[in-house]
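Below is one structure; the comments refer to it alone.
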Amino acid sequence: QSLLLLPTMKALLLLLVVVAIEAKRRRFPHPSSYYASTSNSEITYSWTEYWFNTKLDNFDFTNVDTFNIRYLVNMDSYKDGGPIFFYTGNEGVIEEFANATGLMWDLAPNFNAAVILAEHRYYGKSQPFGPVDGDQSYASAEKLAYLSSEQALADYAALLGWLKSTEVDKKRPVTFSTETKVIAFGGSYGGMLSAWFRMKYPHVVDGAYASSAPVLYFNNAPGVDWGGFDKITTDTFRNSGCDNEVIAKSWDSIKKFGTTDEGRDFLNKVFNVDMNKSPVTSPADADALNDYVREGIEYMAMTDYSYPTDFLKPMPASPVKYACSKYLPAGSGLTDDKKIAEAMAGIASVYFNYNDPTYKVCFKDGCGDAGTDALGSPLGWPWQECTELPMTMCARGDKNDFFWNECKTDPITLMKNDCIDIFKDQKWKVEMLGVNAVATEYGYSWNGVTNVILTNGELDPWRAGGVQYSDQSRRLFATQIINSAHHFDLRQPNTCDPSNLPWIRYQAVKAMWCFIDSGKCTDDLDIVDNKPSTMPSDTTNCKDIIGGYPWAQSSTQAIFSFTTLLVVIASIFRM
Numbered sequence: 022q023s024l025l026l027l028p029t030m031k032a033l034l035l036l037l038v039v040v041a042i043e044a045k046r047r048r049f050p051h052p053s054s055y056y057a058s059t060s061n062s063e064i065t066y067s068w069t070e071y072w073f074n075t076k077l078d079n080f081d082f083t084n085v086d087t088f089n090i091r092y093l094v095n096m097d098s099y100k101d102g103g104p105i106f107f108y109t110g111n112e113g114v115i116e117e118f119a120n121a122t123g124l125m126w127d128l129a130p131n132f133n134a135a136v137i138l139a140e141h142r143y144y145g146k147s148q149p150f151g152p153v154d155g156d157q158s159y160a161s162a163e164k165l166a167y168l169s170s171e172q173a174l175a176d177y178a179a180l181l182g183w184l185k186s187t188e189v190d191k192k193r194p195v196t197f198s199t200e201t202k203v204i205a206f207g208g209s210y211g212g213m214l215s216a217w218f219r220m221k222y223p224h225v226v227d228g229a230y231a232s233s234a235p236v237l238y239f240n241n242a243p244g245v246d247w248g249g250f251d252k253i254t255t256d257t258f259r260n261s262g263c264d265n266e267v268i269a270k271s272w273d274s275i276k277k278f279g280t281t282d283e284g285r286d287f288l289n290k291v292f293n294v295d296m297n298k299s300p301v302t303s304p305a306d307a308d309a310l311n312d313y314v315r316e317g318i319e320y321m322a323m324t325d326y327s328y329p330t331d332f333l334k335p336m337p338a339s340p341v342k343y344a345c346s347k348y349l350p351a352g353s354g355l356t357d358d359k360k361i362a363e364a365m366a367g368i369a370s371v372y373f374n375y376n377d378p379t380y381k382v383c384f385k386d387g388c389g390d391a392g393t394d395a396l397g398s399p400l401g402w403p404w405q406e407c408t409e410l411p412m413t414m415c416a417r418g419d420k421n422d423f424f425w426n427e428c429k430t431d432p433i434t435l436m437k438n439d440c441i442d443i444f445k446d447q448k449w450k451v452e453m454l455g456v457n458a459v460a461t462e463y464g465y466s467w468n469g470v471t472n473v474i475l476t477n478g479e480l481d482p483w484r485a486g487g488v489q490y491s492d493q494s495r496r497l498f499a500t501q502i503i504n505s506a507h508h509f510d511l512r513q514p515n516t517c518d519p520s521n522l523p524w525i526r527y528q529a530v531k532a533m534w535c536f537i538d539s540g541k542c543t544d545d546l547d548i549v550d551n552k553p554s555t556m557p558s559d560t561t562n563c564k565d566i567i568g569g570y571p572w573a574q575s576s577t578q579a580i581f582s583f584t585t586l587l588v589v590i591a592s593i594f595r596m
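Be aware that the sequence shown starts at 22, since it is given in the working numbering, and climbs by one per residue.
So this is what it looks like as structure tokens:
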């Protein structure tokens with residue numbers, strides 16, 4: 022069946038899923054988020070849908086149960102000898118990620134590459150125990166036992182092995198040579214998977230491009246602070262011209278209104294609350310409203326792209342700067358609680374809906390998130406966090422960030438309490454929380470890993486958990502991209518990209534050639550963001566750039582003085 026993804030589809034992945042108790046919406050943020058189209062995109066990607074029969078348990082030879090996972094294939098650019106561009110599917114419907122990784126599609130003709138995207142088990146249509154709308158795969162801990170990154174990576178390895186098998190199989194839609202090179206692509210959790218794929222299966226995948234992959238945001242990872250995510254969020258707002266001191270005070274202002282009938286009526290009015298689904302009727306509701314505002318702030322920092330995009334609703338270019346300048350510019354000096362609450366309602370609206378006055382805010386249990394409705398499997402990511410991927414993060418407040426202090430209780434304890442609440446029907450137990458699972462399975466050292474690109478955006482809060490060091494001798498390239506948001510570099514190139522982004526992409530292409538063809542590998546390779554970064558002055562007519570490689574870059578631009586090179590490399594190792 023041939024599928025087309027229309028550019029007007031507002032397909033996206035939010036960081037947050039619905040959880041089972043009020044005021045807990047923040048607890049399990051997805052690292053994968055915001056797979057939105059550019060507002061005026063004219064690009065249509067096409068593929069054919071296929072199914073691969075994989076083992077239910079890839080690590081138990083006595084368990085012979087199987088089920089089907091979905092994968093998408095495009096062979097338009099493929100020529101014999103070309104590589105496979107393989108997207109390691111994240112926690113959602115695979116089409117969302119297909120539409121979000123424009124760079125992979127755009128470069129396929131340059132590499133004569135086939136494009137294959139695999140859907141992660143337990144997400145989208147790849148359900149081991151029946152259709153996702155029946156929630157059978159999530160009915161019990163016993164059925165959820167096979168949801169993990171390890172199982173997903175084994176699925177991907179088996180799929181690629183089957184596609185390159187010399188054995189005759191009429192069910193195989195296309196067969197590649199056993200010598201076909203593979204480059205894994207992924208953003209967010211998908212980036213974590215692509216990096217771990219190269220780490221765990223170097224005989225299967227020849228290189229990986231992992232964007233915004235917080236592979237270190239786990240228990241006792243060296244140099245990673247629990248409060249790093251929210252510190253970067255706060256810095257992004259401060260540097261965009263917001264009055265952070267007022268934001269820090271706003272939570273108490275909103276809580277204060279939640280203590281009286283008059284105050285609750287005010288909150289319902291100023292936030293344009295849906296009175297049928299989630300009216301503010303108690304102090305606890307005011308706390309939940311604070312969580313809602315915080316959600317919008319954190320996600321806006323992640324999606325601070327330099328051109329307009331479509332998420333829940335259209336969002337302006339550089340939304341953080343827009344929100345700050347319109348509702349709470351630096352030095353505002355607001356002290357009146359009502360004015361402060363009004364400003365925070367305005368800021369949150371920029372993320373959730375900035376141009377539709379009829380939009381009603383729904384923030385309570387059962388409201389859902391419009392951005393996750395199309396993804397299905399709302400309990401999938403929380404389950405992964407409650408088992409193998411417990412991310413150790415919390416706001417510290419005070420001098421660290423403008424939120425309230427959650428770190429008085431350590432993140433693992435907070436997580437245990439939430440997991441018990443969320444998965445009470447599945448009979449989750451504290452013993453199921455794999456506090457050190459990532460440290461054991463993948464480790465925090467990248468000393469033995471080769472052929473991986475690890476990029477992080479300066480504006481993106483998730484860079485707090487990203488790899489910060491490079492080793493050119495092993496072709497391990499880690500870089501922080503100035504003025505870049507979440508997995509910005511994997512998106513379709515655009516006329517309104519920050520001026521330094523084409524340089525990063527150009528260098529990444531050179532690295533990918535090194536991964537698969539030593540004859541096309543150049544000695545001047547170094548993925549370092551050492552170019553001046555300017556933002557577009559006019560974002561009213563931003564256009565996707567199709568087939569624009571090398572984006573006005575040239576190999577001569579990669580050559581700079583040996584002294585400069587040493588300074589840049591030294592700065593990376595100090596991060």
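Built from N, CA and C at the ideal position, the CB exists for glycine as well.
Spatial neighbours of Asn79 within its chain, please: CB distance less than 6 Å, with the 5 preceding and 5 following residues excluded, ordered by chain position.
Gln172, Ala175
Under the three-state reduction of DSSP, which class applies to Phe80: helix, strand or coil?
coil
Tell me which same chain residues have a C-beta within less than 7 Å of the C-beta of Thr280, skipping the five on either side of it?
Pro304
Among the candidates Thr356, Lys191, Val301, Ala231, whose CA atom is the shortest distance from the CA of Ser271?
Thr356
Alpha carbons only, please: which of Asp325, Ile115, Ser539, Ala119 is nearest the one belonging to Thr65?
Ala119
Ignoring anything shorter than 4 residues or poking outside the segment 158 to 194, list the alpha helix (DSSP H) runs there in chain order.
162 to 165, 170 to 184
Tell me the DSSP secondary structure of Leu435 in three-state form.
helix
Other residues of its chain near Leu288: CB distance less than 6 Å, five sequence neighbours each side excluded
Phe278, Val301
Pick helix, strand or coil for Ile253, following the three-state DSSP scheme.
helix
Is the segment 310 to 329 touching the segment 498 to 508, taking contact as three or more C-beta pairs under 8 Å?
yes
Of all the options Ala166, Ala529, Ala366, which has the alpha carbon lying nearest to the alpha carbon of Leu310?
Ala366
Straight-line gap, Thr461 to Val136 (C-alpha atoms, nearest Å)
32 Å
Under the rule that 16 or more other beta-carbon atoms within 10 Å means buried, what is Asn95, buried or exposed?
buried
Nearest candidate by alpha-carbon position, reference Met414, set Gly151, Ala485, Ser466, Pro350:
Ala485
Entirely within the segment 271 to 354 and at least 4 residues each: give me those alpha helix (DSSP H) ranges in chain order.
282 to 291, 304 to 323, 340 to 348
Nonlocal neighbours in the same chain, by C-beta distance under 7 Å from Ile567, ignoring five residues either side:
Ile64, Asp127
Roughly how many angstroms lie between the CA atoms of Pro411 and Phe239, to the nearest whole one?
6 Å
Phe197 in three-state terms, based on DSSP:
coil
Would you mind reading off the limits of the beta strand (DSSP E) that contains Gln501?
497 to 502
How many Å lie between Asn350 and Asp264 at the Cα?
The sequence shown places Pro at residue 350, rather than the Asn named in the question. Going from the Cα of Pro350 to the Cα of Asp264 covers about 5 Å.
DSSP puts Val456 in a beta bridge; with which residues?
According to DSSP, which records beta bridges pairwise, Val456 is partnered with nothing at all.
Do Ser346 and Gly262 have their C-beta atoms closer together than 8 Å?
yes
Contacts around Gly479, its chain only, beta-carbon distance under 7 Å, and the 5 residues preceding and following it disregarded:
Note that residue 479 is Glu in the sequence shown, not Gly. For Glu479, where only same-chain residues beyond five positions count, the Cβ hits under 7 Å are Gln501, Ile502, Ile503, Asn504, Ser505.
Starting from Val473, trace the beta strand (DSSP E) both ways and give me its first and last residue.
473 to 478
Taking 8 Å as the threshold (C-beta atoms), are Met453 and Ala134 in contact?
no
Whether Ala242 touches Ile474 by CB criterion (8 Å)
no
Rounded C-alpha distance that separates Phe384 from Tyr159:
24 Å
Distance CB(Asn89)-CB(Asn74) smaller than 8 Å:
yes
Does the segment 397 to 407 come within contact of the segment 441 to 453, defined as at least 3 CB pairs closer than 8 Å?
yes
Would a C-beta distance cut-off of 8 Å place Tyr380 and Met336 closer than the cut-off?
no
Judging by CA-CA distance, which residue of Glu316, Lys334, Val371 is the nearest neighbour of Tyr343?
Val371
Rounded to whole angstroms, what is the Cα-Cα separation between Ala216 and Ala178?
13 Å
Restricting to Cα atoms, I'd like to know which of Phe258, Thr199, Val195, Ala307 is closest to Asp282.
Ala307
Contacting residues, own chain, Cβ-Cβ under 7 Å from Trp68 (five flanking each side not counted):
Leu24, Leu93, Val94, Asn95, Ala119
Between which two residues does the beta strand (DSSP E) containing Ala668 stretch?
Only positions 22 to 596 of the chain appear in the structure, and residue 668 is not among them; the question remains open.
Mapping the DSSP letters down to three states, classify Ile115 as helix, strand or coil.
helix
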